[in-house]
Amino acid sequence: MSKMVTPVIMAGGSGTRLWPLSRTQHPKQFLKLSPDGHTLLQSTLLRLQNLPCNEAIIICNEEHRFLAAEQMREIGVSAKIILEPEGKNTAPAIALAAFCEQSIQQDSLLLVLAADHVIQDQIAFEKTVTDAITLADSEKLVTFGIVPTHAETGYGYIEKGESQFTGFKVKQFVEKPNLQTAQNYLESGLFLWNSGMFLFKTSTFLTELKTHASDIFECCKKSIEKTTTDLDFVRIDKEIFTTCRSESIDYAVMEKTQHAVVIPLDAAWSDIGSWSALWDIQPKDEHGNVNHGDIINVDSYNCYSYSSNKLVTLLGVNDLIVVETKDAILVAHKDKVQDIKKVVEKLKKDNRTEHYNHREVYRPWGKYDSIDHASRYQVKRITVKPGEKLSIQMHHHRSEHWIVVSGTAKIHKGKESFLLTENQSTYIPLGEIHALENPGKLPLELIEVQSGSYLGEDDIVRFEDIYGRC
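Throughout the sequence shown, residue numbering follows UniProt numbering, covering 1 to 470 in sequence.
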């Protein structure tokens, strides 16, 4: 394959299907769920190494920007990160990438991939993308249809029409079927699973978008014309983009265009849409169990067990999903995991926070773990990466005690600055302007004890921040 392609990685969204491991602030594309030990986003980027690609474009939510940047840094990959002020589905997201790419290269090929898919047959993936080049270069909008392995009711389908070089003209897109219809699709051999992956020329996509969804075209065009660069991130015009209609690329373009073709992809693909799907792709023991973490199985079969922090034991059970995190435990039958969204909806209804954040929360400077709390105090274990600094800030409703556990802390308190090392501490009174940084070469760990009438994360007034969060 000689022609260069520009990968567009869709890393937005905050799905709930893998709760409690996946949360709004830490969705599945940033979790280490791939069989290769990387996060799903990292695996998606590494999957492109043998293809002649330009620098990738990643589209993600504002709140996930530092997660995306840090995960790319970990694997030594650079990419342009476009921040969506608000999720508007795939058509506007891809339009932003297309307009952005068009401003750099007049008419390159865009390879649109989801950040949360698993593809285990790398050679088949590379060959299928290579085969799609000729079609995409001849003004076709190529979508990759997964060769079905069973009658699946959780995916949409694409019906193949007449042959088109290495693919087929799209006869129709169909919604998720019932079981009998899915079985009929499978037996006919004419239907493929809709993967949500695409390859097309920038100009072809934008022309079809303008024809079939001119409002999305115009809104995204105006949004991208007013971009600003913030650190490694591209920010678009929020006021314009939030008025954009939310629509998938399937509804906006692919179901209406006369240029859609589908190429079969048979590469051990999964969208990791549930815990049972994750069980399907993982290596199993002699009893069909998948175990992650400190797990003991006795007389148990075909279970998926995940422990992040504690010993988890299963005795005399079959076909269960058991997931332990620091603040939540899920026990579900494999046949019911599609209903996990009902649990998340209940958490939201009860104004709980377990659907939104983990107990351990990642920040651009490091992380904190809320290890204890009551009505007027909270205890956190804070880790600051070498060379990083928290914002210069103050609090209206709480005071803080800091005790250094390991490493060296540079404290800014009022008009004074000083160093603290292991077993040393300081007190930050309510209303005091302060900052914390790690000037050393090792991680800084400290215990923070907050006390006051209100302990929410929104009681932070930032005066200066190297991460652009003021």
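Note that the Cβ used here is the ideal one computed from N, Cα and C, for glycine as well.
Bear in mind the structure is a predicted one, so any value in this text is a computation, not a measurement.
For Thr181, the enclosing alpha helix (DSSP H) stretches over residues 179-188. By the Cβ-count criterion, His287 is exposed, with fewer than 16 other Cβ atoms from all chains shown falling within 10 Å of its own Cβ. Taking every protein chain shown into account, the CB of Gln393 has 16 or more other CB atoms within 10 angstroms, so this residue is buried. For Asp458, the secondary structure class from DSSP, reduced to helix, strand or coil, is coil. The criterion of a C-beta distance shorter than 9 angstroms is not satisfied by Thr6 and Glu70.
Residue pairing from DSSP leaves Leu51 without any beta-bridge partner.
Just measuring C-alpha positions, the residue of Thr421, Arg363, Gly387, Thr408 sitting nearest Glu457 is Arg363.
Nearest to Val331 by C-alpha distance, out of Arg352, Asp350, Ser307, is Ser307. Leu190 and Ala252 have their C-alpha atoms some 24 angstroms from each other. No Cβ-Cβ contact shorter than 9 angstroms links Asn178 with Glu126.
In this structure, DSSP gives Gln29 a helical state, which the three-state scheme calls helix. Separation of Leu419 and Val298 (C-alpha to C-alpha, rounded to the nearest whole angstrom) is 52 angstroms. Three or more Cβ pairs closer than 8 angstroms define a contact, and the stretch 217-224 meets that threshold against the stretch 97-109.
Contact between Leu192 and Ile240 does not hold, since their C-beta atoms are separated by about 36 angstroms, which reaches or exceeds 8 angstroms.
Under the rule that a run must span 3 or more residues, the beta strand (DSSP E) segments found entirely inside the UniProt domain "MannoseP isomerase/GMP-like beta-helix" (293-347) read 295-298, 304-307, 312-315, 320-324, 329-333. The stretch 423-432 makes contact with the stretch 381-399, as at least three CB pairs between them are under 8 angstroms.
Using a 10 angstroms sphere on the CB of Asp36, the tally of other CB atoms stays under 16, which defines it as exposed. The C-beta distance from Ala93 to Gly12 rounds to 6 angstroms, short enough to fall under 8 angstroms. According to DSSP, His412 shares a beta bridge with Ser417, Ala435. Nearest neighbour of Val174 by Cα position, chosen from Phe168, Thr166, Tyr185, Cys220, turns out to be Tyr185.
Runs of beta strand (DSSP E) with 3 or more residues, each lying fully within the stretch 35-122, are found at 56-61, 79-84, 109-114, listed in chain order. In this model, Gln25 and Ser14 are separated by some 7 angstroms (Cα to Cα). Rounded to the nearest whole angstrom, the CA to CA distance from Lys176 to Glu152 is 8 angstroms. In the three-state DSSP reduction, His373 falls in the strand class (E or B). Rounded to the nearest whole angstrom, the CA to CA distance from Ile236 to Asn61 is 12 angstroms. A straight line joining the alpha-carbon of Arg352 with that of Lys380 spans about 19 angstroms. Secondary structure note for Phe205: its alpha helix (DSSP H) is the uninterrupted segment 202-212. Between Pro264 and Val147 the beta-carbon gap is near 5 angstroms, inside 8 angstroms, which marks them as a contact. For Asp280, the enclosing alpha helix (DSSP H) covers residues 275-281. Taking every protein chain shown into account, the CB of Glu422 has fewer than 16 other CB atoms within 10 angstroms, so this residue is exposed. The straight-line gap separating the alpha-carbon atoms of Phe205 and Leu110 is approximately 9 angstroms. With contacts defined by Cβ atoms closer than 9 angstroms, Thr44 and Ser108 do not form a contacting pair. DSSP places Glu448 in the uninterrupted beta strand (DSSP E) bounded by 444-452.
C-alpha of Lys238 to C-alpha of Glu218: approximately 14 angstroms in a straight line. The criterion of a C-beta distance shorter than 9 angstroms is not satisfied by Lys28 and Ile321. Phe165 and Val142 have their C-alpha atoms roughly 12 angstroms apart.
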